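Per my numbering, the sequence shown starts with residue 349, numbered consecutively.
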Amino acid sequence: MVEHRDIAPGGDADLLAAMRAQISRAAEHQPFWAARLAGVDVAALTSRDALGAVPVLRKSELAELQAKAPPFGGLTATPAGRLARLFVSPGPIFDPEGHGRDWWGAAKALAAAGVTPQDIVLNTFSYHLTPAGAMFESGAHALGCAVIPAGPGNTADQLVAMVQFQPTVYIGTPDFLKILLDKAREADIASPIRRAVVSGAALPPSLRADLVERGIAVVQCYGTADLGIVAYEDGGEGMAVNDGVVLEIVRPGTDDPLPDGEVGEIVVTRLNRDYPLIRFATGDMSRALDAVDGRRRIAGWMGRADQATKVKGMFVRPEQVAALARALGISGRMRLVVTRADEQDAMVLKIEHADQSLGAAAAQKLAEITKLKGLVEIVPAGDLPNDGKVIADERT
349 MVEHRDIAPG GDADLLAAMR AQISRAAEHQ PFWAARLAGV DVAALTSRDA LGAVPVLRKS
409 ELAELQAKAP PFGGLTATPA GRLARLFVSP GPIFDPEGHG RDWWGAAKAL AAAGVTPQDI
469 VLNTFSYHLT PAGAMFESGA HALGCAVIPA GPGNTADQLV AMVQFQPTVY IGTPDFLKIL
529 LDKAREADIA SPIRRAVVSG AALPPSLRAD LVERGIAVVQ CYGTADLGIV AYEDGGEGMA
589 VNDGVVLEIV RPGTDDPLPD GEVGEIVVTR LNRDYPLIRF ATGDMSRALD AVDGRRRIAG
649 WMGRADQATK VKGMFVRPEQ VAALARALGI SGRMRLVVTR ADEQDAMVLK IEHADQSLGA
709 AAAQKLAEIT KLKGLVEIVP AGDLPNDGKV IADERT
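Spelled out as structure tokens, the structure:
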């Protein structure tokens, strides 16, 4: 069977070489990418810092492109009629699935959870229009597992399936697993579930501890309907970045990669011939951790990067804060804090900088770019928290 995921080894040199090859193919054969990558020196993309020369593709652009050029905005390299499945995600955003073993890259996350061909899997992600159900089923099949295509909800039938088939692995959201286990306990049914691969919702420490107390080993993974499985827990710190994924952390609202350890937006290039997404901004935030055995790692999900907020009836966006930083020649952290004062919205722009005289010029640029007036506060380097926020709405 042809593998369309174009898996590359985890090391940066191999990943970036595969990424350069994908960019060259896309620029040669796809008009959208040819226009977007015009002027980019592909041969120079030999480090993560160099990737800033390639424009980031944001999800809002994806929706606009698909509306103008159905079904996939010209971003797919495989014609729609030759794909395996066509999905509709909320938005709506339209997502393709190509042919091939483990096309979404879910097998790694399942294997990290200890799933083997002897396991029977209860897959409670939806199989209707959205890709999560098919995403994880393909990974389970790649490992040789039988799958119960349960989908979400309908706990009575889920319990019947659990009794009859004795699944040892659960796939779905962590909160629905707790619901199933509680219902099984109420019905005096011994749950056969021993391992769980969860995604799609938060897994707070209290819920993880509850599941572990019930004898279930839990692995959390991070993915999107556009990219498949991006990262997964494997017993080490944070999450391991999946094979075939070039993951960057960029400053929200910009194309600029951040150093490891800085919190910012997750940007992913997926090495895939069917759907070669290049520097796709997920809208989620994290930070890069030290690589282990050549495999990149992230801290996990740390909030949303879309921090747009209304001030006095006008939207202020991270892109405007980024434009302000460029205009002032500032490379350090900046944060626009929105509060209420005297029953009115108020803004304070905090800038990490050594020059206190920068305040007047920054206030003028702030008004020019946002069309709103605000105060400026120059603070010492390291004063602002490393949480990826460039707009903080502190109104109560």
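Where a beta carbon is used, it is the ideal one built from N, C-alpha and C, also for glycine. For clarity, every value in this text was computed on a predicted model and none was experimentally measured.
- In the displayed model, residue 416 falls within a helix according to three-state DSSP.
- Two segments are said to touch when three or more pairs of C-beta atoms, one from each, lie closer than 8 Å; by this definition the region 632 to 650 does not touch the region 662 to 680.
- The alpha-carbon of residue 525 is positioned some 17 Å away from that of residue 467.
- In this structure, the alpha-carbon of residue 502 lies about 54 Å from that of residue 729.
- Your pair residue 522 and residue 470 does not check out as a contact, with CB atoms roughly 14 Å apart and the cut at 8 Å.
- Pairing residue 571 with residue 577 gives a Cβ-Cβ distance under 7 Å.
- With fewer than 16 other beta carbons inside 10 angstroms of its own, residue 561 counts as exposed.
- Going by C-alpha positions, residue 488 is about 40 Å away from residue 386.
- Taking one beta carbon from each stretch, the region 442 to 454 and the region 499 to 516 have fewer than 3 pairs nearer than 8 Å; the two do not touch.
- Per the coordinates, the alpha-carbon of residue 460 lies some 15 Å from the alpha-carbon of residue 450.
- Here DSSP, grouped into helix, strand and coil, assigns residue 526 to helix.
- Taking C-beta atoms under 8 Å as the contact rule, residue 407 and residue 631 qualify, at a distance of about 6 Å.
- Our two residues, residue 397 and residue 605, have alpha carbons roughly 6 Å apart in a direct line.
- The shortest CA-to-CA distance from residue 732 to any of 699, 723 and 717 is the one to 699.
- Ranked by how close their Cα comes to the Cα of residue 381, the residues 624, 673, 475 and 602 have 624 in first place.
- Non-local C-beta neighbours of residue 722 in its own chain, meaning closer than 8 Å and more than five positions away in sequence, comprise 684, 694, 695, 696, 697, 711, 714 and 715, ordered along the chain.
- Excluding residues up to 5 positions away in sequence, 471, 473, 474, 475, 497 and 499 lie with their Cβ nearer than 7 Å to the Cβ of residue 481 in the same chain.
- Residue 440 is not a Cβ neighbour of residue 424, given a cutoff of 7 Å.
- Of the residues 403, 658 and 567, the one whose Cα lies closest to the Cα of residue 383 is 403.
- Here the alpha carbons of residue 516 and residue 542 stand approximately 5 Å from one another.
- Residue range 723 to 727 is occupied by the beta strand (DSSP E) that includes residue 725.
- Taking C-beta separations shorter than 8 Å and ignoring five residues to either side along the sequence, the partners of residue 509 in its chain run 470, 496, 498 and 515, following chain order.
- Here residue 359 is near residue 642, since their CB atoms are less than 7 Å apart.
- Here DSSP, grouped into helix, strand and coil, assigns residue 699 to strand.
- Pairing residue 409 with residue 433, the inter-Cα distance amounts to about 22 Å.
- For residue 705, the closest C-alpha among the options 686, 726 and 692 is that of 726.
- Taking 7 Å as the cut-off, the beta carbon of residue 575 is found no closer than this to the beta carbon of residue 621.
- Residue environment for residue 644: buried (at least 16 other C-beta atoms within 10 angstroms of its C-beta).
- Residue pairing by DSSP places residue 692 opposite 689 in a beta bridge.
- When secondary structure is reduced to three states using DSSP, residue 473 falls in the coil class, being assigned neither helix nor strand.
- Residue 395 sits exposed, since fewer than 16 C-beta atoms from the chains shown fall within 10 Å of its C-beta.
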